[in-house]
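Following: one structure in structure tokens, then a few remarks.
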Amino acid sequence: MDSAVGKRSIFTADFLFPVSSGAVRDGAVLVKDGRIASVGKFSEVREANPDAEVREFSGCAILPGAVNTHAHLSFRREDGPEYGSFSEWLLGLIERLEENDKRLAENATDGAREAVEAGTTFMAESSPYGGCLPYLARSGMAGTCFAEFFPHESGDGTPEGAVEFIMGKVSELGEGLPPRVDARVSVHSPYTVDPESARLAARRTREAGERLAIHLSESPEEYDFVTEGTGGLADIFSSNSWGATGKTPVKYGDGIGLLAPETIAAHLATGVGEEEIEILARSGVAAAHCPRSNENLGCDVSPVPAMMRAGIRVGMGTDGLWSSQSLNLFEETMVAVKLHNFDGETGLRLATLEGARALGVEDETGSIEAGKYADFAVVEVSPSGSDTEREVLEAAAENGAVATVVGGDIVHERL
Ligand SMILES: [Zn+2]
Numbered sequence: 018m019d020s021a022v023g024k025r026s027i028f029t030a031d032f033l034f035p036v037s038s039g040a041v042r043d044g045a046v047l048v049k050d051g052r053i054a055s056v057g058k059f060s061e062v063r064e065a066n067p068d069a070e071v072r073e074f075s076g077c078a079i080l081p082g083a084v085n086t087h088a089h090l091s092f093r094r095e096d097g098p099e100y101g102s103f104s105e106w107l108l109g110l111i112e113r114l115e116e117n118d119k120r121l122a123e124n125a126t127d128g129a130r131e132a133v134e135a136g137t138t139f140m141a142e143s144s145p146y147g148g149c150l151p152y153l154a155r156s157g158m159a160g161t162c163f164a165e166f167f168p169h170e171s172g173d174g175t176p177e178g179a180v181e182f183i184m185g186k187v188s189e190l191g192e193g194l195p196p197r198v199d200a201r202v203s204v205h206s207p208y209t210v211d212p213e214s215a216r217l218a219a220r221r222t223r224e225a226g227e228r229l230a231i232h233l234s235e236s237p238e239e240y241d242f243v244t245e246g247t248g249g250l251a252d253i254f255s256s257n258s259w260g261a262t263g264k265t266p267v268k269y270g271d272g273i274g275l276l277a278p279e280t281i282a283a284h285l286a287t288g289v290g291e292e293e294i295e296i297l298a299r300s301g302v303a304a305a306h307c308p309r310s311n312e313n314l315g316c317d318v319s320p321v322p323a324m325m326r327a328g329i330r331v332g333m334g335t336d337g338l339w340s341s342q343s344l345n346l347f348e349e350t351m352v353a354v355k356l357h358n359f360d361g362e363t364g365l366r367l368a369t370l371e372g373a374r375a376l377g378v379e380d381e382t383g384s385i386e387a388g389k390y391a392d393f394a395v396v397e398v399s400p401s402g403s404d405t406e407r408e409v410l411e412a413a414a415e416n417g418a419v420a421t422v423v424g425g426d427i428v429h430e431r432l
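If you count the sequence shown from 1, you need to add 17 to reach this note's numbering.
Here's what the structure looks like:
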């Protein structure tokens with residue numbers, strides 16, 4: 018970014034957690050032209066760069082910024098439907114959509130701000146037709162807006178026409194964006210997008226070398242819809258007649274070519290057994306884990322430890338403020354840490370570098386190492402116990418970030 022060009026700055030704190038390497042007490046990051054130039058002890062970084070500007074954060078830790086692999090910015094928490102079964106909740110959501118659209122700009126601006134103040138530096142956001150993209154682009158975060166499309170109302174309503182429409186929309190949205198923000202396609206879910214449109218969208222985006230997002234194997238009702246064509250979602254979407262496939266959602270997604278290394282599948286919470294994990298691992302698809310949303314909406318617990326053991330890339334996602342409590346990715350991660358009994362190191366990796374890997378952006382962000390963008394969060398904590406990473410996560414979960422730096426620019430600083 019322009020303001021960072023040519024400038025060399027040292028950011029230093031009591032602790033530095035690069036994630037890609039061990040923690041450094043009295044650590045420092047040298048930032049040049051928006052990228053990380055070196056990492057080490059403050060004394061050494063300072064000696065090698067005596068004329069660099071120094072930003073000292075005493076009583077704090079520096080960690081990679083949070084990578085939110087699945088979020089929605091359209092919603093404001095106080096307007097949401099009540100939590101309950103997934104289909105009841107979704108019905109409430111649909112009823113509120115028209116009214117909600119009037120507040121979209123304000124909601125998305127505030128939501129993005131909440132994420133930035135919680136130390137988020139990269140966000141994968143999903144919204145109908147990419148409606149939240151302008152607000153993600155203005156937030157200071159890097160990221161992708163996944164534009165959801167609904168085939169019956171897109172283009173001429175045929176699968177070919179609908180996919181043509183959303184591909185055109187995404188390329189239009191991509192014009193004039195900041196360098197680290199882009200727009201991509203989302204196949205919303207197996208119960209809203211017909212298999213032919215989904216198959217075509219997956220093929221077209223893969224041919225273009227682009228990432229694709231989907232909600233998959235989320236709720237018991239989705240499971241019922243896909244396997245038997247029954248249940249709450251079949252009732253809501255009664256004209257969507259392609260359910261009753263006799264397959265689990267993961268097998269169905271595999272069968273229509275949705276699962277690939279470019280795809281990030283959110284939730285994978287209900288109906289994910291051993292066979293499904295094998296399929297997911299073989300396909301190379303990545304997962305976005307949203308444990309609070311799953312709990313709030315009557316979904317099962319995603320088998321994340323088994324998925325990780327199988328080599329599946331897993332990142333954390335907050336989902337949106339109508340299905341979860343906050344857009345603080347570190348708070349979401351602490352829920353996962355407790356739920357799966359992870360240590361702090363695993364949690365911190367999930368919130369940062371693993372999220373970047375899940376989205377295929379690990380070469381540019383997710384850890385504090387030379388060559389990557391200077392994307393990090395400064396959190397007020399001086400950890401002293403045996404699990405320092407957990408202390409840092411807890412502090413970030415409770416109080417957010419003192420400062421958030423994206424590409425070397427301070428996009429949030431608590432005064
Ligand atoms: Zn979602």
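We put the beta carbon where it would ideally sit given N, CA and C, even for glycine.
Look up Met158 in the DSSP assignment and say whether it is helix, strand or coil. The sequence position of residue 158 within the sequence shown is 141, counting from 1. When DSSP states are grouped into helix, strand and coil, Met158 belongs to the coil group.
Find out if the Cβ-Cβ distance for the pair Gly44, Ala413 is shorter than 8 angstroms. The count along the sequence shown starts at 1 and reaches residue 44 at position 27. The count along the sequence shown starts at 1 and reaches residue 413 at position 396. No, the pair does not count as a contact, with Cβ atoms beyond the cut-off.
What does the alpha-carbon distance come out to for the pair Ser234 and Gly364? Sequence index remark: in the sequence shown, residue 234 carries index 217 (1-based). Sequence index remark: in the sequence shown, residue 364 carries index 347 (1-based). If you draw a straight line from the Cα of Ser234 to the Cα of Gly364, it comes to about 23 angstroms.
Just how far apart, CA to CA, sit Pro207 and Gly249? Counting from 1 along the sequence shown, the entry for residue 207 is found at position 190. Counting from 1 along the sequence shown, the entry for residue 249 is found at position 232. If you take the alpha carbons of Pro207 and Gly249, they lie about 14 angstroms apart.
Going by DSSP in three states, His89 sits in which element: helix, strand or coil? By one-based count along the sequence shown, residue 89 stands at place 72. Here His89 sits in strand by DSSP.
With 16 other CB atoms within 10 Å as the buried threshold, where does Thr244 fall? Sequence index remark: in the sequence shown, residue 244 carries index 227 (1-based). The residue in question, Thr244, is buried, as its Cβ has 16 or more Cβ neighbours within 10 Å.
Rounded straight-line distance, which links the Cα of Arg220 to that of Leu346: As a working note, residue 346 is residue 329 in the sequence shown. As a working note, residue 220 is residue 203 in the sequence shown. Here the C-alpha atom of Leu346 lies approximately 31 angstroms from the C-alpha atom of Arg220.
Can at least three beta-carbon pairs, one atom from the region 292-306 and one from the region 256-275, be found at a separation below 8 angstroms? Short answer: they touch.
Can you round the beta-carbon distance between Arg309 and Glu362 to whole angstroms, since I take them to be within the 8 angstroms contact cut? Within the sequence shown, the letter at position 292 stands for residue 309. Within the sequence shown, the letter at position 345 stands for residue 362. Rounded to whole angstroms, the Cβ separation of Arg309 and Glu362 is 22 angstroms, and the two are not in contact under 8 angstroms.
Should Asp19 go down as buried or exposed, given a rule of 16 or more other Cβ atoms within 10 Å for buried? As a working note, residue 19 is residue 2 in the sequence shown. Summary for Asp19: the model assigns pLDDT 46, below 50, so the residue's position carries little reliability; its value from the coordinates is reported in the next sentence. Using a 10 angstroms sphere on the CB of Asp19, the tally of other CB atoms stays under 16, which defines it as exposed.
Would you say Asp360 and Asp404 are within 8 angstroms of each other, going by their C-beta atoms? Position 343 of the sequence shown, counted from the first residue, corresponds to residue 360. Position 387 of the sequence shown, counted from the first residue, corresponds to residue 404. Note that the C-beta distance between Asp360 and Asp404 is below 8 angstroms.
Should Arg366 go down as buried or exposed, given a rule of 16 or more other Cβ atoms within 10 Å for buried? Position 349 of the sequence shown, counted from the first residue, corresponds to residue 366. Counting Cβ neighbours within 10 Å, Arg366 comes out buried, since at least 16 surround it.
Complete beta strand (DSSP E) runs within the region 119-191 (minimum length 3 residues, chain order): Runs of the beta strand (DSSP E) inside the region 119-191: 137-145 and 159-166.
Beta-carbon separation of Phe254 and Thr209 under 8 angstroms? Start at 1 with the first residue of the sequence shown, and residue 254 comes out as number 237. Start at 1 with the first residue of the sequence shown, and residue 209 comes out as number 192. Yes.
Return yes when the Cβ of His205 is within less than 8 angstroms of the Cβ of Glu165, no when it is not. Taking the sequence shown and counting its residues from 1, the one referred to as residue 165 is at position 148. Taking the sequence shown and counting its residues from 1, the one referred to as residue 205 is at position 188. Contact check for Glu165 against His205 passes: the beta carbons are separated by less than 8 angstroms.
Just to confirm before moving on: does the CB-CB distance between Cys149 and Ala125 stay below 8 angstroms? The count along the sequence shown starts at 1 and reaches residue 149 at position 132. The count along the sequence shown starts at 1 and reaches residue 125 at position 108. In this structure, Ala125 lies closer than 8 angstroms to Cys149 by Cβ.
For ligand 1, is there a heavy atom less than 7 angstroms away from the beta-carbon of Asp317? Here the question's residue 317 lines up with position 300 in the sequence shown. No, Cβ of Asp317 sits at least 7 angstroms from all heavy atoms of ligand 1.
Is it true that the CB of Ala387 sits closer than 8 angstroms to the CB of Ala54? Residue 54 sits at position 37 when you count from the first residue of the sequence shown. Residue 387 sits at position 370 when you count from the first residue of the sequence shown. Yes.
Using DSSP with H/G/I as helix, E/B as strand and the rest coil, what is Gly364? For the purposes of this step, residue 364 is taken as the residue at position 347 of the sequence shown. Correct three-state label for Gly364: helix.
Asp19 - DSSP class collapsed to helix/strand/coil: Locating residue 19 in the sequence shown gives position 2, where the first residue counts as 1. Confidence in Asp19 is poor, its pLDDT being 46 and thus under 50, which makes the residue's placement too unreliable to answer from.
Range of the contiguous alpha helix (DSSP H) that encloses His357: As a first step, residue 357 is located in the sequence shown; it is residue number 340 there, counting from the start. Unbroken alpha helix (DSSP H) run through His357: Leu346 to His357.
Taking the DSSP output, what are the residues bridged to Thr382? Within the sequence shown, numbered from 1, the residue matching residue 382 stands at position 365. Per DSSP, none; premise fails for Thr382.
Mind checking Arg299: buried by the 16 CB within 10 Å criterion, or exposed? Within the sequence shown, numbered from 1, the residue matching residue 299 stands at position 282. Residue burial annotation: Arg299 is exposed, with fewer than 16 other C-beta atoms found within 10 angstroms of its C-beta.
Residue from Val71, Pro81, Thr335 and Arg228 whose Cα sits closest to the Cα of Lys24: Here residue 24 is taken as the residue at index 7 of the sequence shown, counted from 1. Nearest Cα to Lys24 within the set Val71, Pro81, Thr335 and Arg228: Val71.
Span of the beta strand (DSSP E), counted from its first residue to its last, around Lys49: Translated into positions along the sequence shown, residue 49 becomes position 32. DSSP places Lys49 in the uninterrupted beta strand (DSSP E) bounded by Val41 to Lys49.
Can you give me the start and stop residues for the beta strand (DSSP E) that Lys58 sits inside? For this step, residue 58 is matched to residue 41 along the sequence shown. Boundaries of the beta strand (DSSP E) around Lys58: Arg52 to Lys58.
May I ask you to check if the CB of Ala304 is nearer than 7 angstroms to at least one heavy atom of ligand 1? Along the sequence shown, read from residue 1 onward, the residue named residue 304 stands at position 287. Ala304: no, Cβ never under 7 angstroms from ligand 1.
If we ignore side chains and look at the alpha-carbon of each, how far apart do Glu379 and Leu370 end up? Numbered from 1 along the sequence shown, position 362 holds the residue referred to as residue 379. Numbered from 1 along the sequence shown, position 353 holds the residue referred to as residue 370. So the two alpha carbons sit approximately 7 angstroms from each other.
Report all residues from its chain with a CB closer than 8 angstroms to the CB of Val36; omit the five preceding and five following residues, and keep chain order. Taking the first residue of the sequence shown as 1, we reach residue 36 at position 19. Same-chain partners within the cutoff: Leu80, Pro81, Leu365, Arg366, Thr369, Leu370, Gly383, Ser384 and Ile385.
Can you tell me where the beta strand (DSSP E) with Arg374 in it begins and where it stops? As a working mapping, residue 374 is identified with position 357 in the sequence shown. Per DSSP, Arg374 belongs to no beta strand (DSSP E); it is in the alpha helix (DSSP H), Leu370 to Ala375.
Could you pull the DSSP bridge partners for Cys77 from this structure? One-based indexing of the sequence shown puts residue 77 at position 60. The partner list for Cys77 (beta bridge, DSSP) reads Glu397.
Restricting to runs no shorter than 4 residues, where is the alpha helix (DSSP H) found entirely within the region 225-274? Entirely contained in the region 225-274, the alpha helix (DSSP H) runs reaching 4 residues are, in chain order, 237-245, 249-253 and 266-272.
Give a single yes or no on whether Ala286 has its beta carbon closer than 7 angstroms to a heavy atom of ligand 1. Counted from its first residue, the sequence shown places residue 286 at position 269. Checking the Cβ of Ala286 against ligand 1 gives no.
Indicate, with yes or no, if ligand 1 has a heavy atom lying under 7 angstroms from the CB of Ser143. Locating residue 143 in the sequence shown gives position 126, counting from the first residue. Because some heavy atom of ligand 1 lies under 7 angstroms away, the Cβ of Ser143 counts as near it: yes.
Could you give the DSSP three-state label for Ile427: helix, strand or coil? Sequence index remark: in the sequence shown, residue 427 carries index 410 (1-based). Ile427: strand per DSSP, three-state reduction.
Residues that Phe32 bridges to, as DSSP identifies them: For this step, residue 32 is matched to residue 15 along the sequence shown. Phe32 pairs with Arg42 and Ala78.
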